[in-house]
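Engineer: Numbering-wise, the sequence shown is residues 294 to 513 according to our numbering.
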Amino acid sequence: MPQALNFSIEIYDLIYQKMCDDLVEKSWTVMPDYFQPDLIALLNQELSTYQASNALSRAGIGRSDAFKIDDRVRGDKILWLSPKTKAQNQYLEAMESLRMALNRLLFLGLFEFESHFAVYEPGAHYQKHKDSFKGAANRILTTVTYLNDNWQDENLGFLVIYHPESDTEAARIKPEAGTLVLFLSEDIAHEVEPTARYRASIAGWFRCNASTPDAIDPLS
């Protein structure tokens, strides 16, 4: 079990079973204090360095020729993770352990993981959307890890999750440091409410292998 996780090996299977039960029952789950505070601190340190060097880029919507930046839709800045640093490597190792556990328990066929830092400055938000559409993409499971210490209700910036059947509000999740959120990418609409303070997270996706005879695992 990766040391990055904030629970003992004795409850390893219980934690993953709870996640899987939630995903089967309601298509999403929330795990407070999932990651060790030391890892969250290291990730924040790295993120601060990237921000100081202007390494983050404005996030947009659409792909290729359809890509555009629109503050009315989303206002975050992003930087993709890689295993080249200590903190990011620890984080990615933890997510690899999660991938294997989910495949073992739910047979999801999760093939690989991609993720990026996401920073919202005060006033920024992300409109209601889904991360994947049925039959049109290879993102299976969305993950969100929060990096924010001492988040208060008045700071706003909640993640709103909607019921997959009724499209009514199912939960408003406070972006507190160490919390891990998982939801099925094709089923769950969600939004980031406007934030009143700096808000940092890691957004990620477990993907299936979408290889075809003409292309190896093409991006959706």
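We put the CB at the ideal spot given by N, CA and C, even for glycine.
Which residue spans inside the stretch 354-420 form an unbroken alpha helix (DSSP H) run of at least 4?
Structural biologist: Within the stretch 354-420, the complete alpha helix (DSSP H) runs of at least 4 residues are 379-399.
Engineer: Where Ala380 and Arg432 are concerned, what is the direct C-alpha to C-alpha distance, given to the nearest angstrom?
Structural biologist: Rounded to whole angstroms, Ala380 to Arg432 spans 24 angstroms at the Cα level.
Engineer: Report yes or no: do the stretch 409-429 and the stretch 391-398 share at least 3 C-beta pairs separated by less than 8 angstroms?
Structural biologist: No, the stretch 409-429 is not in contact with the stretch 391-398.
Engineer: Looking at the secondary structure, which residues open and close the alpha helix (DSSP H) in which Tyr309 lies?
Structural biologist: Where Tyr309 is concerned, the enclosing alpha helix (DSSP H) stretches over 305-319.
Engineer: Taking the alpha carbon of Phe300 as the point to measure from, which residue in Val474, Gly450, Ala387 has its own alpha carbon closest?
Structural biologist: Nearest of Val474, Gly450, Ala387 to Phe300, Cα basis: Ala387.
Engineer: Using alpha carbons as the reference points, say which of Asp369, Glu405, Phe410 lies closest to Thr342.
Structural biologist: Looking at the Cα atoms, Phe410 is the closest of the given residues.
Engineer: Put Ser494 into one of helix, strand or coil per three-state DSSP.
Structural biologist: Looking at Ser494 - three-state DSSP - the assignment turns out to be strand.
Engineer: Taking 7 angstroms as the limit between beta carbons, can you name the residues of its chain near Leu449, skipping five residues before and five after?
Structural biologist: Correct list, in chain order: Glu486, Pro487, Thr488, Ala489.
Engineer: Determine the DSSP secondary structure at Leu340, reduced to helix, strand or coil.
Structural biologist: Helix at Leu340.
Engineer: Specify the secondary structure class of Glu447 as computed by DSSP and reduced to three states.
Structural biologist: Helix.
Engineer: Leaving aside the five residues before and after Ala463 along the sequence, list all residues of the same chain whose C-beta is less than 8 angstroms from its C-beta, in chain order.
Structural biologist: Within the same chain, Ala463 has close Cβ partners Lys319, Trp321, Ile454, Tyr455, His456.
Engineer: If you count every other CB in all the chains shown that lies within 10 Å of the CB of Val317, and 16 or more means buried, which is it?
Structural biologist: Counting Cβ neighbours within 10 Å, Val317 comes out exposed, since fewer than 16 surround it.
Engineer: On a Cα-Cα basis, can you pick out the residue from Arg465, Gln296, Val437 that is closest to Asp514?
Structural biologist: Shown here, the chain extends from 294 to 513; a query on residue 514 therefore has no answer.
Engineer: Going straight from the alpha carbon of Ser258 to that of Ser459, what length do you get?
Structural biologist: Residue 258 falls outside the range modelled here, since the chain spans only 294 to 513, and no answer is possible.
Engineer: Taking the alpha-carbon positions, what's the Asp315 to Leu475 distance?
Structural biologist: If you take the alpha carbons of Asp315 and Leu475, they lie about 9 angstroms apart.
Engineer: Helix or strand or just coil, what does DSSP make of Ile481?
Structural biologist: Of the three classes helix, strand and coil, the one that applies to Ile481 here is coil, per DSSP.
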